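Peer 1: Protein chains in written order, with my numbering: chain E, 668 to 916; chain S, 6 to 265; chain B, 964 to 1302.
Built from N, CA and C at the ideal position, the CB exists for glycine as well.
This one's a predicted model, so the numbers in the text were calculated from it and none came from an experiment.
Quick one: the structure is below, questions incoming.
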């Protein structure tokens, strides 16, 4: 079966929560395989809902979602996805070594593969020295690095990162950026949501801006950063202002 | 090990690891020893070799502590994953929700079951030192049915976790377990004496609620009654299996439709 | 670390509680202050003590709450205090003269004659030799055929009637009697039964007397404890003089209690009769016939029917002996004849 050229395919997706709160309205998006896609939007725009649907945590009210050509609710599809949650809470009683072994087993990896991959990743994220320390003693930044290690553990084709820069200090951000770019070099697709617009500008091939459950802008990053005046930050702020003025009317 | 079983075992192992890293069990064992050792050394009118009171109190503590450990361990399995949001990283892996539920069930049963075995080991040592008897024929049945009770209780709590708040779940489960252990045998008698609609409610409770008292053979162990017949033992284990399967089936059905 | 600290604290507290519990009888509080148990438990100690006492009966029946059938041999036990009122008939004072060397021969008979009583007391006679648990399992009561759960329960939980037999098993009831006493040092029945159990069932009369001494110290007006002391001294230790003194003390205490008690709470007259009969028989045996006659006369009013006739017959015999003594005392002594 040929590899799909589109990693994420969202078609006319709608989600209405019980109680009538509409999170997504006819939202469509396509993320190409091998690109880094920035998924931006203010709070309540529907980013987290989209990610939850992308991972099969909840069903859409209408519309379809295809991830790597498959249904994300199926374990076979999720086997190829790596996910870093927004809040990186893990089992405090485990060591980072045990955490990776646990997730590795769930991904169907062999003991040897887990051991080898754990060594590589802990070196990569800078946690090799604390691999036997329980996670409850980790700082927020260290937990975030443990989170990226677990997301990369099974060498996924698609990385979904929810606010990956949260809680990281500047060197760690640099390291995270490096890790993301390295994934792209390896032909992986990275889909990440962020409030850190400067980060998106630096590493994303394309960005999509979501507002009230609809895409307000989607395109290559260089299109919005080309003249130096209309950068992402400005677009984003303009969008929020527009949103506020509409609400006042 | 094949996929689903491997996933279930992986999830279960975390529950065991958690329980023993949290040191709850050690504390309970120490407390049980702290209570029973002074009791064992009480001088009762200068008469030596009295054991049954000690057996009863030790078993009461064993049951009390294992019920508390079992209830709390089972009750925190799913809510803790939701509260800490670890469930998102977990369910993003190639894991079915049914495997998640069964893994949590197996983990809670294994963790509590190990605690049960540890407690009974302490009981055997204490009883052996006091009485000089290290084995009674009814003991394996007592332990086996205690483990079966742990499985049924865990299934009940896991089922409750899928639709109740954690505190409501623990309260309801504790009431059902303790209520049936204490009054399970008396419900038909009470139902026969009551008038409608109380009698209907009691008969329904008798028919539907899990009979935890089936698994309590402490009386036989304390007072040296004979073991129950193999047929009755099988019937009780069959009851446990059916009930546990039904509860876990319900839990899987509800959790699979749950919006996370 | 917290866990270790908590465990260490719990350990310390438990050790302290264990020592305090074991030393409760030795603890001396300032005059006028209440006992440690009273301070700790307040009014609940009496309820707790009674519960412990009931538990001893449960243990005697192999842990199965025995359902006494109305009108049957095993009638429903009343409260332990009521039940204890009937316990003076373990021995038969009237047959004491014949059974002093084998006092237990009369225990079962006396027990069976009791209209009501606490089961661990009424089961006096050992009908079978050796240590074992006599009884059977699976006493079936009516359960609807369709009620599978109840039928299963019947097969899981023992429901038979069983009694502990022999010192190896009978001692198992003692911790609960001990606990009943420690919970409430004014639980006279618990002292009484514990002393009986230790002295007569387990053949440790000295320990039994120690229990009674403590009970009498805590309950100076308890005539029943003096009565039991008298029985142990007489039947187990064969000390008639000490036994007589104990029965005498019991009589005085009974009379004082009777005089003080309101009409509805008068002590058991039947028990008074037992005390008097013991005193009468012991007086008769040491040839204090005047005293014996006095006690028999007083005892006559405490009995009816055949028992009364029996006492009357003994009284007549004593009076006959007294008459003969008087006659022989008044008759001229035969002169010595030389040979």
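Just the Cα atoms here: how many angstroms apart are residue 1234/B and residue 1261/B?
Peer 2: Along the third chain, one-based indexing puts residue 1234/B at 271. Along the third chain, one-based indexing puts residue 1261/B at 298. Rounded to whole angstroms, residue 1234/B to residue 1261/B spans 13 Å at the Cα level.
Peer 1: I need the straight-line Cα distance from residue 1198/B to residue 1166/B, nearest angstrom please.
Peer 2: Here residue 1198/B refers to the residue found at position 235 of the third chain. Here residue 1166/B refers to the residue found at position 203 of the third chain. Put simply, the backbone Cα of residue 1198/B is about 11 Å away from that of residue 1166/B.
Peer 1: Going straight from the alpha carbon of residue 219/S to that of residue 143/S, what length do you get?
Peer 2: Locating residue 219/S in the second chain gives position 214, counting from the first residue. Locating residue 143/S in the second chain gives position 138, counting from the first residue. Distance between the alpha carbons of residue 219/S and residue 143/S: 15 Å.
Peer 1: Can you look up residue 128/S in the DSSP assignment and give me helix, strand or coil?
Peer 2: The residue labelled residue 128/S in the question sits at position 123 within the second chain. Here residue 128/S sits in helix by DSSP.
Peer 1: What's the gap between the Cα of residue 679/E and the Cα of residue 696/E?
Peer 2: Along the first chain, one-based indexing puts residue 679/E at 12. Along the first chain, one-based indexing puts residue 696/E at 29. The straight-line gap from Cα to Cα measures roughly 8 Å.
Peer 1: Check the DSSP bridge columns for residue 887/E and list the partner residues they point to.
Peer 2: Numbered from its first residue, the first chain carries residue 887/E at position 220. Residue 887/E pairs with 873/E.
Peer 1: Spell out whether any CB of chain B is found under 8 Å from the CB atom of residue 334/S.
Peer 2: What the structure shows of chain S is the stretch from 6 to 265, and residue 334/S is not part of that stretch, so it cannot be assessed.
Peer 1: Hey, quick one: how far does the alpha helix (DSSP H) through residue 676/E stretch, first residue to last?
Peer 2: By one-based count along the first chain, residue 676/E stands at place 9. Not the alpha helix (DSSP H): residue 676/E falls in the beta strand (DSSP E), residues 673–683.
Peer 1: Mark residue 1281/B as exposed unless 16 or more other C-beta atoms lie within 10 angstroms of its C-beta, in which case mark it buried.
Peer 2: Residue mapping note: residue 1281/B aligns to position 318 of the third chain, counting from 1. Classification of residue 1281/B: buried, given that the 10 Å Cβ count is 16 or more.
Peer 1: Using the beta-carbon of each residue, which ones in chain E are nearer than 8 Å to residue 171/S?
Peer 2: As a first step, residue 171/S must be located in the second chain, where it is residue number 166. Residues of chain E passing the Cβ test: none, with the nearest at roughly 17 Å.
Peer 1: State the beta-bridge partners of residue 135/S as determined by DSSP.
Peer 2: In the second chain, the residue the question calls residue 135/S occupies position 130. In the DSSP output, where bridge partners are listed per residue, residue 135/S has none listed.
Peer 1: Between residue 97/S and residue 748/E, is the Cβ-Cβ spacing less than 8 Å?
Peer 2: Counted from its first residue, the second chain places residue 97/S at position 92. Counted from its first residue, the first chain places residue 748/E at position 81. A contact, by the Cβ cut-off of 8 Å.
Peer 1: Since residue 1178/B and residue 1241/B are thought to touch, with beta carbons under 8 Å apart, how far apart are those beta carbons, to the nearest angstrom?
Peer 2: Taking the third chain and counting its residues from 1, the one referred to as residue 1178/B is at position 215. Taking the third chain and counting its residues from 1, the one referred to as residue 1241/B is at position 278. Rounded, the Cβ-Cβ distance is 19 Å, inconsistent with contact.
Peer 1: With burial defined as no fewer than 16 other Cβ atoms inside 10 Å of the residue's Cβ, what is the status of residue 46/S: buried or exposed?
Peer 2: Position 41 of the second chain, counting from 1, holds the residue named residue 46/S. Looking at its Cβ environment, which holds fewer than 16 other Cβ atoms inside 10 Å, residue 46/S is exposed.
Peer 1: Among residues of its own chain, excluding the 5 on either side of residue 1214/B, which ones have a beta-carbon nearer than 6 Å to its beta-carbon?
Peer 2: Along the third chain, one-based indexing puts residue 1214/B at 251. Closer than 6 Å at Cβ, skipping near neighbours: 1238.
Peer 1: Just checking, does the stretch 245–253 of chain S make contact with the stretch 1133–1142 of chain B on the three C-beta pairs under 8 Å criterion?
Peer 2: no
Peer 1: For residue 1158/B, collect the residues of the same chain with a Cβ closer than 6 Å to its Cβ; drop the 5 residues on either side in sequence, then sort them by chain order.
Peer 2: As a first step, residue 1158/B is located in the third chain; it is residue number 195 there, counting from the start. Result list for residue 1158/B: 1171, 1174, 1175 and 1191, in chain order.
Peer 1: Which stretch, first to last residue, makes up the beta strand (DSSP E) that contains residue 856/E?
Peer 2: Against the first chain, residue 856/E aligns to sequence position 189. Looking at the DSSP string, the run of the beta strand (DSSP E) that includes residue 856/E is 856–860.
Peer 1: Apart from the five residues on each side of it in sequence, which residues of its chain come closer than 8 Å, Cβ to Cβ, to residue 21/S?
Peer 2: Indexing the second chain from 1 puts residue 21/S at position 16. Contacts found: 112, 115, 116 and 119.
Peer 1: Using the beta-carbon of each residue, which ones in chain S are nearer than 9 Å to residue 805/E?
Peer 2: For the purposes of this step, residue 805/E is taken as the residue at position 138 of the first chain. Ordered by position in chain S, no residue passes the 9 Å Cβ test against residue 805/E, which lies about 14 Å from the chain.
Peer 1: On the three-state DSSP scale, how would you describe residue 219/S?
Peer 2: Residue 219/S sits at position 214 when you count from the first residue of the second chain. DSSP, reduced to helix, strand and coil, places residue 219/S within a helical segment of the structure shown.
Peer 1: Pull out every residue of the stretch 82–93 of chain S whose Cβ sits closer than 8 Å to any Cβ of chain E, in chain order.
Peer 2: 89, 90, 91 and 93
Peer 1: Name the two residues that bound the continuous beta strand (DSSP E) containing residue 1126/B.
Peer 2: As a working mapping, residue 1126/B is identified with position 163 in the third chain. Element bounds for residue 1126/B: 1125–1128.
Peer 1: Out of 1116/B, 1144/B and 1146/B, which has the shortest C-alpha to C-alpha gap to residue 185/S?
Peer 2: Here residue 185/S refers to the residue found at position 180 when the second chain is read from its first residue. It is 1116/B whose Cα lies nearest to the Cα of residue 185/S.
Peer 1: Quick check on the burial criterion: 16 or more other C-beta atoms within 10 angstroms. Buried or exposed for residue 764/E?
Peer 2: As a position in the first chain, residue 764/E is number 97, starting the count at 1. Flag for residue 764/E reads buried.
Peer 1: Which residues mark the beginning and the end of the alpha helix (DSSP H) in which residue 770/E is found?
Peer 2: Sequence index remark: in the first chain, residue 770/E carries index 103 (1-based). Note, residue 770/E: alpha helix (DSSP H), 763–773.
Peer 1: Do residue 791/E and residue 750/E have their CB atoms nearer than 8 Å?
Peer 2: Walking along the first chain from the start, residue 791/E turns up at place 124. Walking along the first chain from the start, residue 750/E turns up at place 83. It is not a contact, given that the beta carbons lie outside the stated cut-off.
Peer 1: With residue 29/S as the anchor, note down where its alpha helix (DSSP H) starts and where it stops.
Peer 2: As a working mapping, residue 29/S is identified with position 24 in the second chain. Where residue 29/S is concerned, the enclosing alpha helix (DSSP H) stretches over 29–45.
Peer 1: To the nearest angstrom, how far is it from the Cα of residue 807/E to the Cα of residue 761/E?
Peer 2: Here residue 807/E refers to the residue found at position 140 when the first chain is read from its first residue. Here residue 761/E refers to the residue found at position 94 when the first chain is read from its first residue. The alpha-carbon atoms of residue 807/E and residue 761/E are separated by roughly 16 Å.
Peer 1: In terms of DSSP beta bridges, what is residue 748/E paired with?
Peer 2: Against the first chain, residue 748/E aligns to sequence position 81. Note: residue 748/E sits in a beta bridge opposite 825/E.
Peer 1: Check whether the stretch 773–782 of chain E and the stretch 82–99 of chain S are in contact - that is, three or more C-beta pairs closer than 8 Å.
Peer 2: yes
Peer 1: Any idea if residue 878/E is buried or exposed, counting beta-carbon neighbours within 10 angstroms, 16 or more meaning buried?
Peer 2: To locate residue 878/E, count along the first chain from 1; it is residue 211. The residue in question, residue 878/E, is buried, as its Cβ has 16 or more Cβ neighbours within 10 Å.
Peer 1: So is residue 1049/B buried or exposed if we call it buried at 16+ other beta carbons inside 10 Å?
Peer 2: The count along the third chain starts at 1 and reaches residue 1049/B at position 86. Only weak support exists for where residue 1049/B lies, its pLDDT of 39 falling under 50; the coordinates are left without a value.
Peer 1: State the CB to CB distance for the pair residue 71/S and residue 124/S, rounded to an integer number of angstroms; the pair is presumed to be in contact (CB under 8 Å).
Peer 2: Within the second chain, residue 71/S is the residue found at index 66, counting from 1. Within the second chain, residue 124/S is the residue found at index 119, counting from 1. Residue 71/S to residue 124/S, Cβ: 6 Å. Contact.
Peer 1: Based on the DSSP secondary-structure assignment, which residues constitute the bridge partners of residue 1122/B?
Peer 2: Counted from its first residue, the third chain places residue 1122/B at position 159. DSSP output for residue 1122/B lists no bridge partner at all.
Peer 1: Since residue 695/E is in the beta strand (DSSP E), which residue starts that stretch and which ends it?
Peer 2: Mapped onto the first chain, residue 695/E falls at position 28. First-last of the beta strand (DSSP E) with residue 695/E: 689–699.
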